[in-house]
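Q: The structure is given below, and queries will be raised subsequently.
There are 2 protein chains.
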Amino acid sequence: MSRWEPNARGRLEQAALDLYQERGFEQTMVTEIAERAGLTERTFFRYFADKREVLFGGQDMLRTLFVSAIEAAPASTTPLDAVIAALEAATPVFQERYERVRQRQAVIAANPELQEREMLKRAALTSAIADALRRRGVSDLAAILAAEVGSITFKIAFDRWVSEPDEQDLSRLIRASLDQLKGIVAGT
Amino acid sequence: MSRWEPNARGRLEQAALDLYQERGFEQTMVTEIAERAGLTERTFFRYFADKREVLFGGQDMLRTLFVSAIEAAPASTTPLDAVIAALEAATPVFQERYERVRQRQAVIAANPELQEREMLKRAALTSAIADALRRRGVSDLAAILAAEVGSITFKIAFDRWVSEPDEQDLSRLIRASLDQLKGIVAGT
DNA sequence: TATAGTGATGTCAGCAACCGACATCACTGT
DNA sequence: ACAGTGATGTCGGTTGCTGACATCACTATA
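Here the protein sequences come in this chain order: D and P.
Note that this note's numbering has the first sequence beginning at 1, numbered continuously upward.
Note that this note's numbering has the second sequence beginning at 1, numbered continuously upward.
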């Protein structure tokens, strides 16, 4: 038998998510999270830079997923199409964790500090997407714009997907949002 | 002679901006800001909810400016055009404070915590714009999309305006970004 | 097999952000 | 005069977060 229970990080994440949902983010103290995970506060801060970060673990995975999807797109693909393809490639990650994702979004929606952090994370992903586009030879401005437009499209589709229990297909919502956006920009 | 120097809020804002620039955001303590403004830490927290908020004062003014510009647009104006008109209506606010705005952006660019807050503020403005559009009868989804597209357009134009000392005309950059965005979305 | 790491965790002390409660006292209106 | 008001100060406490050091099962290597 090993010295410690395995998966300390995962236990902290689960404990934090549950406690944030039960009592709210501000009302739960880091000590409580650590205690529920069978660890100490100090150990929590070894795994996570701050109290919010514990909800934002999958970041690196998403980034590599997006970036490699963009790299995999045929050279002839339009910047925006490459971005949309990358977003669609990521949808299974969310669909497979439906309940967990919902719970997480409910917690974030209830707290502005967490919304701040989420926006920073989304901006980082958007920036990584723009970098990937630039590596394909897309101009600076076009890369940023395509990445930002894709980011919004995803955000809006994702929000709808989370708030509508009937809707199963995130990809479909992405395409629907994109169509609407094209209409808006074209001046319909 | 009155009991206290006037404009405590303004003094705190100026002291904070200067100190954040001189030593960096994390390295300056709230007590120091208050001291430079001739006040105490407790008073700082009566004016500003936290250490970051002191950099984000003009929010209400900008919101009413945007919202009334949208309300003033002719009923026949397209949602996106109304948003762009509102953004252009706000450009003088920035152009008149060029140096101050630059200083502020440099401070924010140097610190992720401040970037988080700025994103939250921008999201709040975007949301207010979407509300104003809805009040004109624009559908929910279209309102959000038009507001978000406008918000990105402004952000990109603003970033360029701040980083290029030669460029004077923010409106011109907004129109240029919008044109590029239209090209991207149309699939050029 | 003895011994010297190694790495994940615990302990402790401390700083700085933030907040509630109460005190102060120039100014204001009656 | 005098009670009230509002901006500020004082004080004490909680919580997020960090550096420094201790512990001790496990591992590699002589």
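Glycine is no exception: its CB is placed at the ideal position from the N, C-alpha and C atoms.
Being a predicted model, the structure only gives us computed values, none of them experimental.
1) I'd like the list of long-range same chain contacts for Arg134(D), defined as Cβ closer than 7 Å, with 5 residues on each side in sequence excluded.
2) I want to see whether chain D comes within less than 8 Å of Glu116(P), judged by CB atoms only; does it?
3) Taking all protein chains shown into account, do 16 or more other C-beta atoms lie within 10 angstroms of the C-beta of Gln168(D), making it buried, or fewer, making it exposed?
4) Can you name, in chain order, every residue of its own chain whose Cβ lies under 8 Å from the Cβ of Gln115(D), other than the five neighbours on each side?
5) Give me the residue from Phe48(D), Glu88(D), Phe44(D), Ala49(D) with the minimum Cα distance to Leu65(D).
6) Quick one: what does DSSP say Ala37(P) is sitting in, helix, strand or coil?
7) Going by DSSP in three states, Arg189(D) sits in which element: helix, strand or coil?
8) Output needed for Gln27(P): all residues of its chain with C-beta closer than 6 Å, excluding positions within five of it in sequence on either side, in chain order.
9) If I follow the unbroken alpha helix (DSSP H) through Trp161(P), where does it start and stop?
10) Just the Cα atoms here: how many angstroms apart are Ile156(P) and Ala147(D)?
11) Which residue comes first and which comes last in the alpha helix (DSSP H) that contains Asp81(D)?
12) Can you pull the chain D residues whose beta carbon is under 7 Å from the beta carbon of Pro79(P), in chain order?
13) Determine the direct distance from the alpha carbon of Gly58(D) to that of Phe48(D), and round the result to whole angstroms.
14) Enumerate in chain order the residues of its own chain whose CB-to-CB distance from Ser177(P) is below 6 Å, with the five nearest sequence positions on each side excluded.
15) Is DSSP giving Arg3(D) helix, strand or coil here?
16) Less than 8 Å between the beta carbons of Leu55(P) and Arg104(P), yes or no?
17) Quick one: does Ile174(D) have its CB under 8 Å from some CB of chain P?
18) Do three or more CB pairs link the region 33-46 of chain D to the region 5-12 of chain D at distances below 8 Å?
19) Buried or exposed for Thr126(D), going by 16 or more other Cβ atoms inside 10 Å?
20) Check each candidate in Ala186(P), Asp50(P), Ser163(P) and name the one with the smallest Cα separation from Gln181(D).
21) According to DSSP, is Pro112(D) part of a helix, a strand, or is it coil?
22) Enumerate, from N- to C-terminal direction, the unbroken alpha helix (DSSP H) stretches of 4 or more residues contained entirely within the region 16-64 of chain P.
23) Tell me the DSSP secondary structure of Ala176(P) in three-state form.
24) Taking its Cβ as the centre, do 16 or more other Cβ atoms sit within 10 Å of Ser76(D), making it buried, or is it exposed?
25) Using a Cβ-Cβ cut-off of less than 7 Å, list which residues of the region 132-145 of chain P approach chain D; keep chain order.
26) Suppose you measure from the CA of Lys121(P) to the CA of Glu113(P); what does that come to, to the nearest Å?
27) Whose C-beta lies closer than 7 Å to the C-beta of Thr31(P) among residues of the same chain, with five residues either side of it excluded?
28) Spell out whether any CB of chain D is found under 8 Å from the CB atom of Leu55(P).
29) Please classify Gly187(P): does DSSP put it in a helix, a strand, or coil?
30) Take Asp50(P) as the anchor and find which of Gln21(P), Arg3(P), Ala16(P) has the nearest alpha-carbon.
31) Could you work out which residues of chain P lie near Glu71(D), taking near to mean beta carbons separated by less than 8 Å?
32) Report the option in Arg52(P), Glu53(P), Ile84(P) whose CA atom is closest to the CA atom of Val67(P).
33) Do we get a CB-CB distance below 8 Å when we pair Gly24(P) with the residues of chain D?
34) Could you tell me the distance, in whole angstroms, from the CA atom of Arg117(D) to the CA atom of Ser2(P)?
35) For the region 90-109 of chain P, list every residue whose C-beta sits within 8 Å of some C-beta in chain D, in sequence order.
36) Quick test of your reading: Ser171(D) and Thr78(D), contact by CB under 8 Å. State the CB separation rounded to the nearest angstrom.
A: In this structure, then:
1) In the first sequence, counting from the first residue as 1, residue 134(D) sits at position 134. Closer than 7 Å at the Cβ level, and outside the excluded window around Arg134(D), lie Asp140, Ala143.
2) Taking the second sequence and counting its residues from 1, one reaches residue 116(P) at position 116. So, interface residue.
3) Position 168 of the first sequence, counted from the first residue, corresponds to residue 168(D). If you draw a 10 Å sphere on the C-beta of Gln168(D), you find fewer than 16 other C-beta atoms in it, and that means exposed.
4) Start at 1 with the first residue of the first sequence, and residue 115(D) comes out as number 115. Taken in chain order, the residues that qualify are Ile108, Ala109.
5) For the purposes of this step, residue 65(D) is identified with residue 65 of the first sequence, where counting begins at 1. Ranking the options by Cα distance to Leu65(D), first place goes to Glu88(D).
6) As a first step, residue 37(P) is located in the second sequence; it is residue number 37 there, counting from the start. Three-state result, Ala37(P): coil.
7) One cannot answer for residue 189(D) here, as it falls past the ends of chain D, which runs 1 to 188.
8) One-based indexing of the second sequence puts residue 27(P) at position 27. The beta carbon of Gln27(P) sits closer than 6 Å to none of the beta carbons in its chain outside the five residues before and after it.
9) Residue numbering aside, residue 161(P) sits at position 161 when the second sequence is read from its first letter. Residues 140-163.
10) Along the second sequence, one-based indexing puts residue 156(P) at 156. Along the first sequence, one-based indexing puts residue 147(D) at 147. Near 12 Å, if we compare the C-alpha coordinates of Ala147(D) and Ile156(P).
11) Taking the first residue of the first sequence as 1, we reach residue 81(D) at position 81. Residues 79-95.
12) What you label residue 79(P) is simply residue 79 of the second sequence in a count that begins at 1. What Pro79(P) touches in chain D: Ile184.
13) Along the first sequence, read from residue 1 onward, the residue named residue 48(D) stands at position 48. Along the first sequence, read from residue 1 onward, the residue named residue 58(D) stands at position 58. If you take the alpha carbons of Phe48(D) and Gly58(D), they lie about 13 Å apart.
14) One-based indexing of the second sequence puts residue 177(P) at position 177. Once the five neighbours on either side are set aside, the close Cβ partners of Ser177(P) are Thr153, Ile156, Ala157.
15) Locating residue 3(D) in the first sequence gives position 3, counting from the first residue. It is coil, neither helix nor strand.
16) Counting from one through the second sequence, the residue named residue 55(P) turns up at place 55. Counting from one through the second sequence, the residue named residue 104(P) turns up at place 104. Yes.
17) Locating residue 174(D) in the first sequence gives position 174, where the first residue counts as 1. So no, Ile174(D) is outside the interface.
18) With the cut-off at 8 Å, the region 33-46 of chain D and the region 5-12 of chain D touch.
19) As a working mapping, residue 126(D) is identified with position 126 in the first sequence. Answer is buried; the Cβ neighbour count reaches 16.
20) In the first sequence, counting from the first residue as 1, residue 181(D) sits at position 181. Per the sequence shown, residue 181(D) should be read as Leu rather than Gln. Closest option to Leu181(D), Cα to Cα, is Ala186(P).
21) The residue labelled residue 112(D) in the question sits at position 112 within the first sequence. Correct three-state label for Pro112(D): helix.
22) Fully enclosed alpha helix (DSSP H) runs of 4 or longer: 30-36, 41-47.
23) Residue 176(P) sits at position 176 when you count from the first residue of the second sequence. Under the three-state reduction of DSSP output, Ala176(P) falls in the helix class.
24) The residue labelled residue 76(D) in the question sits at position 76 within the first sequence. With fewer than 16 Cβ atoms within 10 Å of its Cβ, Ser76(D) is classed as exposed.
25) In summary, the residues of the region 132-145 of chain P whose CB is separated from some CB of chain D by less than 7 Å are Leu141, Ala142, Ile144, Leu145, in the order they occur in the chain.
26) Counting from one through the second sequence, the residue named residue 121(P) turns up at place 121. Counting from one through the second sequence, the residue named residue 113(P) turns up at place 113. Cα to Cα, Lys121(P) sits roughly 13 Å from Glu113(P).
27) Residue numbering aside, residue 31(P) sits at position 31 when the second sequence is read from its first letter. Within the same chain, Thr31(P) has close Cβ partners Glu41.
28) For the purposes of this step, residue 55(P) is taken as the residue at position 55 of the second sequence. Leu55(P) has a beta carbon lying at 8 Å or more from every beta carbon in chain D.
29) Locating residue 187(P) in the second sequence gives position 187, counting from the first residue. Coil, per DSSP.
30) Translated into the one-based positions of the second sequence, residue 50(P) becomes position 50. When only C-alpha atoms are compared, the closest one is Ala16(P).
31) Here residue 71(D) refers to the residue found at position 71 when the first sequence is read from its first residue. Near Glu71(D) there are no residues of chain P at all, since even the closest Cβ is about 19 Å away, more than 8 Å.
32) The residue labelled residue 67(P) in the question sits at position 67 within the second sequence. When only C-alpha atoms are compared, the closest one is Ile84(P).
33) In the second sequence, counting from the first residue as 1, residue 24(P) sits at position 24. It does not; no Cβ of chain D falls within 8 Å.
34) Residue numbering aside, residue 117(D) sits at position 117 when the first sequence is read from its first letter. Residue numbering aside, residue 2(P) sits at position 2 when the second sequence is read from its first letter. Roughly 43 Å between the two C-alpha positions.
35) If the cut-off is 8 Å between Cβ atoms, the region 90-109 of chain P has nothing near chain D.
36) The residue labelled residue 171(D) in the question sits at position 171 within the first sequence. The residue labelled residue 78(D) in the question sits at position 78 within the first sequence. With 8 Å as the limit, Ser171(D) and Thr78(D) do not qualify as a contact, their Cβ atoms being about 18 Å apart.
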